[in-house]
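In what follows, a single structure is set out as structure tokens and then discussed.
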Amino acid sequence: MRIAALVLVVCACGAPDRDPRWRGAGAKTPRRGGTLHVATNDQIKSLDPTFANDEVSTYAAQPLFATLVTYAPTSAELVPDLAERWELDADGVTYRFHLRDKLVYADGTPIVAGDFKYSLERALRAADSPFYPYLVDVVGAGDVIQGRATDCAGIVAISERELQIRLVRPSPSFVFILTMKFATPQRAEWVAQWGDQLRRHPLASGPFIRGDWDEGTKISFVRNTHYWDPSQPYLDRIEMLENIPRDTQFLMFERGELDTAERLSAPDYVWIVGQPAWQPYLHQTALMRVFGARMNVTKWPFKDVRVRRALNYALDKSHTVKLLNNAAVPSHGMLPPGMLGRDDGLVPYPHDPATARKLLAEAGVPPGTELTYVTQNDEQGETLAASLKGDLEDVGLIVNVQLVSFATLSTISGSVDGPDFSITSWVGDYPDPTNFLDVRFHSRAIADENATNDTRYSNPELDTLLDAARGELDPAKRTAMYKRAERILYDDAPWIYDYHPVTTEVTQPYVRGFELHPIWVRDYTHTWLDLDANGERIPR
Amino acid sequence: MIRLVARRIGWALVVIWFVITATFLLTAAIPADPAKALLGPHADEAAVERVRAHYCLDRGLFAQYGCWVGSVIKGDLGESYRSKRPVTEILADRIWPTVQLALAAIFLQLVIGVPLGILAAVRRRRWPDRATTVVTLLAQSAPQFFLGTLILYVFAYRFGWFPISGYGEPGLDRLWHLVLPACTLASVGIAYYARAIRSELGDVLGEDYIRTARAKGVSERTVVLKHALRNSLGPLVTLIGLDLGVLLGGAVVVEAIFAWPGLGREVLQAVLEVDLPLILGTVVVAAVAIAVANMLVDLVLIWLDPRLRDR
Numbered sequence: 002m003r004i005a006a007l008v009l010v011v012c013a014c015g016a017p018d019r020d021p022r023w024r025g026a027g028a029k030t031p032r033r034g035g036t037l038h039v040a041t042n043d044q045i046k047s048l049d050p051t052f053a054n055d056e057v058s059t060y061a062a063q064p065l066f067a068t069l070v071t072y073a074p075t076s077a078e079l080v081p082d083l084a085e086r087w088e089l090d091a092d093g094v095t096y097r098f099h100l101r102d103k104l105v106y107a108d109g110t111p112i113v114a115g116d117f118k119y120s121l122e123r124a125l126r127a128a129d130s131p132f133y134p135y136l137v138d139v140v141g142a143g144d145v146i147q148g149r150a151t152d153c154a155g156i157v158a159i160s161e162r163e164l165q166i167r168l169v170r171p172s173p174s175f176v177f178i179l180t181m182k183f184a185t186p187q188r189a190e191w192v193a194q195w196g197d198q199l200r201r202h203p204l205a206s207g208p209f210i211r212g213d214w215d216e217g218t219k220i221s222f223v224r225n226t227h228y229w230d231p232s233q234p235y236l237d238r239i240e241m242l243e244n245i246p247r248d249t250q251f252l253m254f255e256r257g258e259l260d261t262a263e264r265l266s267a268p269d270y271v272w273i274v275g276q277p278a279w280q281p282y283l284h285q286t287a288l289m290r291v292f293g294a295r296m297n298v299t300k301w302p303f304k305d306v307r308v309r310r311a312l313n314y315a316l317d318k319s320h321t322v323k324l325l326n327n328a329a330v331p332s333h334g335m336l337p338p339g340m341l342g343r344d345d346g347l348v349p350y351p352h353d354p355a356t357a358r359k360l361l362a363e364a365g366v367p368p369g370t371e372l373t374y375v376t377q378n379d380e381q382g383e384t385l386a387a388s389l390k391g392d393l394e395d396v397g398l399i400v401n402v403q404l405v406s407f408a409t410l411s412t413i414s415g416s417v418d419g420p421d422f423s424i425t426s427w428v429g430d431y432p433d434p435t436n437f438l439d440v441r442f443h444s445r446a447i448a449d450e451n452a453t454n455d456t457r458y459s460n461p462e463l464d465t466l467l468d469a470a471r472g473e474l475d476p477a478k479r480t481a482m483y484k485r486a487e488r489i490l491y492d493d494a495p496w497i498y499d500y501h502p503v504t505t506e507v508t509q510p511y512v513r514g515f516e517l518h519p520i521w522v523r524d525y526t527h528t529w530l531d532l533d534a535n536g537e538r539i540p541r
Numbered sequence: 432m433i434r435l436v437a438r439r440i441g442w443a444l445v446v447i448w449f450v451i452t453a454t455f456l457l458t459a460a461i462p463a464d465p466a467k468a469l470l471g472p473h474a475d476e477a478a479v480e481r482v483r484a485h486y487c488l489d490r491g492l493f494a495q496y497g498c499w500v501g502s503v504i505k506g507d508l509g510e511s512y513r514s515k516r517p518v519t520e521i522l523a524d525r526i527w528p529t530v531q532l533a534l535a536a537i538f539l540q541l542v543i544g545v546p547l548g549i550l551a552a553v554r555r556r557r558w559p560d561r562a563t564t565v566v567t568l569l570a571q572s573a574p575q576f577f578l579g580t581l582i583l584y585v586f587a588y589r590f591g592w593f594p595i596s597g598y599g600e601p602g603l604d605r606l607w608h609l610v611l612p613a614c615t616l617a618s619v620g621i622a623y624y625a626r627a628i629r630s631e632l633g634d635v636l637g638e639d640y641i642r643t644a645r646a647k648g649v650s651e652r653t654v655v656l657k658h659a660l661r662n663s664l665g666p667l668v669t670l671i672g673l674d675l676g677v678l679l680g681g682a683v684v685v686e687a688i689f690a691w692p693g694l695g696r697e698v699l700q701a702v703l704e705v706d707l708p709l710i711l712g713t714v715v716v717a718a719v720a721i722a723v724a725n726m727l728v729d730l731v732l733i734w735l736d737p738r739l740r741d742r
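Those protein sequence lines, which keep their order, are chains A and B.
Once you know that position 7 of the first sequence is 8 in the working numbering, the rest is easy, because the numbers rise by one and skip nothing.
Once you know that position 287 of the second sequence is 718 in the working numbering, the rest is easy, because the numbers rise by one and skip nothing.
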């Protein structure tokens with residue numbers, strides 16, 4: 002008995018071999034077949050494209066639904082998808098999309114231009130769809146939203162293969178919106194047939210169809226043999242486990258029960274980046290997200306731009322990067338790396354406590370002034386708040402940190418009576434500055450409640466610039482306008498700009514063709530498995 | 432007896448009403464807007480207002496309460512804000528995994544805790560008693576998030592004897608997936624049961640009628656198992672009843688660690704996302720489970736000890 006216990010303890014404590022247990026077969030070209038095993042740490046809420054907007058449901062929608070246009074496999078460049086081409090008329094407000102020939106859904110029925118019209122109008126009509134605000138620039142959208150019309154005058158199916166969308170004003174970013182999954186074609190009869198159960202019964206137009214789904218536990222995706230591109234996908238099947246905590250995912254990954262481990266937790270990340278054997282299988286990308294601290298610029302002391310700049314000088318972003326295990330890029334503004342209009346000539350505010358103290362003194366903020374900083378009650382929120390608190394205390398300010406849940410923070414931040422100083426972040430839906438700057442800094446987005454411009458920053462010069470840039474069709478002019486907007490926001494500093502997160506995933510050596518996508522993050526359309534001739538994994 | 436049962440049912444209904452009303456008021460007091468949580472941070476004021484109107488969240492508190500209680504009485508717990516799925520359907524999906532986990536945990540508590548308690552009671556102040564005290568103290572003191580993670584690491588990851596997480600397929604595979612979460616969940620209960628039996632049985636074994644039985648030459652096994660144990664079961668029945676009620680309400684930590692798709696994990700997610708219909712629906716189920724379990728305990732205790740019928 003005692004010997005058995007001793008053996009148990011020794012076995013449990015000994016250092017295991019944690020190098021990859023399998024290797025690829027070395028195939029030079031992609032191979033078809035096989036099942037990819039993945040997991041998520043949350044559960045899918047809905048597969049109805051008109052409503053699915055949470056992160057995991059969006060992951061699940063990705064293999065199911067194709068759209069008129071999409072992004073290139075590894076970049077945010079727009080490429081044709083169900084539309085073989087599209088053009089913008091000379092008036093700058095009329096888009097024409099030409100569908101590919103013989104497009105069909107997974108059940109073999111044809112996809113026609115009217116299905117796109119139906120799908121977009123469904124998003125406008127559904128009272129609780131989160132997507133209708135994206136379509137407000139379409140002619141007639143307001144009438145459908147208000148219930149004055151059921152037909153959106155600006156969306157016209159010219160023929161079975163041609164769709165026309167007319168906007169009320171030029172909007173070069175509009176085409177990005179059509180990459181979002183709510184814009185996938187939906188057949189009216191199918192929607193009517195399934196009613197409330199549509200959330201479980203999607204009519205796929207993408208590379209996979211839904212297989213079995215034990216809600217909250219696991220879902221499978223099976224190759225769509227009717228997909229418009231017969232060369233894709235390579236996989237026969239994807240098995241996705243739901244609700245698996247990230248730490249557990251990594252253990253399952255090491256045991257070979259999973260082929261990928263999603264966003265690694267800090268201890269796993271720190272371990273794996275130090276392992277040479279795993280380096281070829283690590284995948285990293287900067288996400289289209291930004292984190293910082295917002296200030297209510299209408300309230301003392303934040304109404305004084307010198308205070309806001311002082312706080313930007315006070316924050317040591319190198320601490321943030323260290324605390325996030327290097328999985329972050331310091332930011333100088335809202336726009337993430339690679340986005341149109343981002344001014345790479347601007348450098349993040351340097352850590353300069355002396356300048357910060359000088360600016361605070363000039364603004365009449367005495368040492369010992371107390372600030373309340375509201376942040377999210379999770380590990381990362383608390384850690385970064387502690388770092389910010391330390392940095393601001395170095396320049397003489399006293400910071401009281403208040404922790405609240407994400408849901409509470411979302412509600413109170415946009416309220417006129419909400420906190421003056423709190424953590425903030427933004428996740429882009431599509432790679433265009435309108436989805437960042439207009440939403441967060443245009444004075445149009447200020448409201449007493451649910452304001453997306455929760456800093457209440459109002460600058461007529463910036464408003465004019467953003468309005469002009471929003472409709473500017475010349476990319477060079479548009480870029481210049483957004484660079485100017487970035488400069489204004491850098492100088493006026495309504496946020497303490499902190500960082501853009503970098504995500505890391507790891508795959509087994511036999512998983513090939515997988516790259517983290519800057520928008521979709523996970524897209525398995527081009528993934529394939531490098532197994533032996535019998536479809537088995539080859540031990541290292 | 433019928434009047435007694437009717438009275439117990441009446442009180443159970445009052446308790447359930449009180450719990451769901453208190454939960455409704457507490458959720459209403461949360462400084463978080465479900466419409467905002469549903470739409471996400473990108474939503475503007477008009478979108479949030481549209482959703483608030485759709486779910487009657489723009490009405491007064493009493494109107495919302497009246498609307499909700501009216502639906503509950505009709506058996507309709509509403510629709511989850513997040514998934515647009517009927518709450519009754521979600522709960523029906525989640526209750527069976529929770530029942531399996533709860534019953535497995537209680538089974539382990541009984542088959543391990545009771546014999547340990549008996550052993551400790553009949554070998555008082557000797558090494559089996561001391562060993563039981565140490566083991567039960569450790570089991571009671573170790574937080575479940577620690578113990579669960581530890582046994583997951585050792586028995587699933589390192590030795591590979593059990594699956595790391597998940598629910599498995601019906602049959603032996605399900606049973607295999609159930610072992611580690613059930614052991615984790617049962618750890619505290621095993622300790623409580625062992626200590627309760629040790630204490631109660633120890634007292635009973637000192638009673639005059641036990642001495643009489645021994646004096647008459649009844650074997651020690653019969654004395655302990657037939658005469659003493661039955662009279663020591665009162666506290667155990669109460670503990671089982673309370674456990675059953677609490678466990679049927681969901682085991683949040685254990686279900687999260689082992690990705691067990693039960694009520695606990697569902698309610699945790701609902702709370703984080705301010706999914707009010709789902710929170711309230713889960714509370715209704717938990718309240719009913721606890722009230723029914725308590726009622727059953729009362730009835731079993733009355734059956735075990737007829738003297739209680741007159742109280």
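Note that beta-carbon positions come from the ideal geometry of N, C-alpha and C, so glycine has one too.
The structure presented is a predicted model; accordingly, all values stated were derived computationally and were not measured.
Distance between residue j and residue i (C-alpha atoms, nearest Å)
| i | j | result |
| --- | --- | --- |
| M340 of chain A | W496 of chain A | 19 Å |
| A724 of chain B | R661 of chain B | 21 Å |
| G217 of chain A | P173 of chain A | 39 Å |
| V402 of chain A | V417 of chain A | 20 Å |
| A408 of chain A | Q250 of chain A | 26 Å |
| Q63 of chain A | R438 of chain B | 56 Å |
| R3 of chain A | I595 of chain B | For R3 of chain A, the predicted structure reports a pLDDT of 47, less than 50, and the residue's modelled location is therefore unreliable. The matter cannot be settled from this model. |
| S539 of chain A | G27 of chain A | Note on identity: in this sequence residue 539 of chain A is Ile, with Ser being the wrong assignment. Looking at the two C-alpha atoms, the distance is approximately 10 Å. |
| G382 of chain A | V322 of chain A | 14 Å |
| G441 of chain B | I710 of chain B | 24 Å |
| G514 of chain A | F455 of chain B | 50 Å |
Per-residue DSSP class, three states only, for residue i
| i | result |
| --- | --- |
| F292 of chain A | strand |
| N401 of chain A | strand |
| T519 of chain B | helix |
| V8 of chain A | Low local confidence applies: a pLDDT of 47 at V8 of chain A is under 50, so the model's placement there is unreliable, with the coordinate-based value given in what follows. Reduced to three states, the DSSP call for V8 of chain A is helix. |
| T526 of chain A | coil |
| V450 of chain B | helix |
| R513 of chain B | coil |
| M726 of chain B | helix |
| Q285 of chain A | strand |
| M2 of chain A | Model confidence at M2 of chain A stands at a pLDDT of 38, short of 50, so the residue's coordinates are unreliable; what they give is reported in the following sentence. The answer is coil: DSSP assigns M2 of chain A none of H, G, I, E or B. |
Contact set for residue i: own chain, Cβ-Cβ below 6 Å, skip 5 residues either direction
| i | result |
| --- | --- |
| R33 of chain A | Y235 |
| A77 of chain A | P432, P519, I520 |
| G207 of chain A | P64, L65, F66, A67 |
| G25 of chain A | P510, Y511, D531 |
Residues near residue i in its chain [Cβ-Cβ closer than 8 Å; skip 5 each side]
| i | result |
| --- | --- |
| G212 of chain A | I220, S221, F222, V223, R238 |
| M181 of chain A | T68, F132, Y135, D430, Y431 |
| W23 of chain A | G257, Q509, P510, Y511, R538, I539, P540, R541 |
Expected contact under 8 Å - CB spacing of residue i and residue j to nearest Å
| i | j | result |
| --- | --- | --- |
| L530 of chain A | V512 of chain A | 6 Å |
| L488 of chain B | A478 of chain B | The Cβ separation is near 13 Å, so there is no contact. |
| N326 of chain A | R457 of chain A | Actually they do not touch by this definition, with Cβ atoms about 34 Å apart. |
Close Cβ partners of residue i (< 7 Å) along its chain, the five nearest in sequence each way excluded
| i | result |
| --- | --- |
| A659 of chain B | L632, V635, L636, I641 |
Contact test: residue i Cβ vs the ligand NAD heavy atom, cutoff 7 Å
| i | result |
| --- | --- |
| A91 of chain A | Judged by which ligands are present, the structure shown has none, so any question about the ligand NAD falls away. |
Exercise. Taking Cβ-Cβ distances below 9 Å as the criterion, which residues of the segment 451-471 of chain B are in contact with chain A?
Worked result: Flagged, chain order: I461, P462, A463, D464, P465, A466, K467, A468, L469, L470, G471.
For this session: Identify each residue in the segment 121-140 of chain A for which the Cβ-Cβ distance to at least one residue of chain B is less than 8 Å, and report them in chain order.
Result: A128, D129, P131, Y133, P134
For this session: Would you list, in chain order, the members of the segment 607-637 of chain B that have their beta-carbon closer than 8 Å to a beta-carbon of chain A?
Result: Correct list: empty, as no residue qualifies.
Exercise. According to a CB-to-CB cut-off of less than 8 Å, which residues of the segment 31-50 of chain A neighbour chain B?
Worked result: Residues passing the 8 Å Cβ filter: D43, Q44, K46, S47, D49.
Problem set entry | Against chain A: residues of the segment 505-518 of chain B by CB proximity under 9 Å | E510, S511, Y512, R513, S514, K515, R516, P517
For this session: Could you please tell me which residues of the segment 189-218 of chain A, in chain order, have their CB closer than 8 Å to any CB of chain B?
Result: From the segment 189-218 of chain A, only D197, R200, D215, E216, G217, T218 have a Cβ closer than 8 Å to chain B.
Problem set entry | Chain-ordered residues of the segment 243-254 of chain A with a beta carbon less than 7 Å from chain B | Taking 7 Å as the Cβ-Cβ cut-off against chain B, the residues of the segment 243-254 of chain A that qualify are N244, I245, P246, T249, L252, M253.
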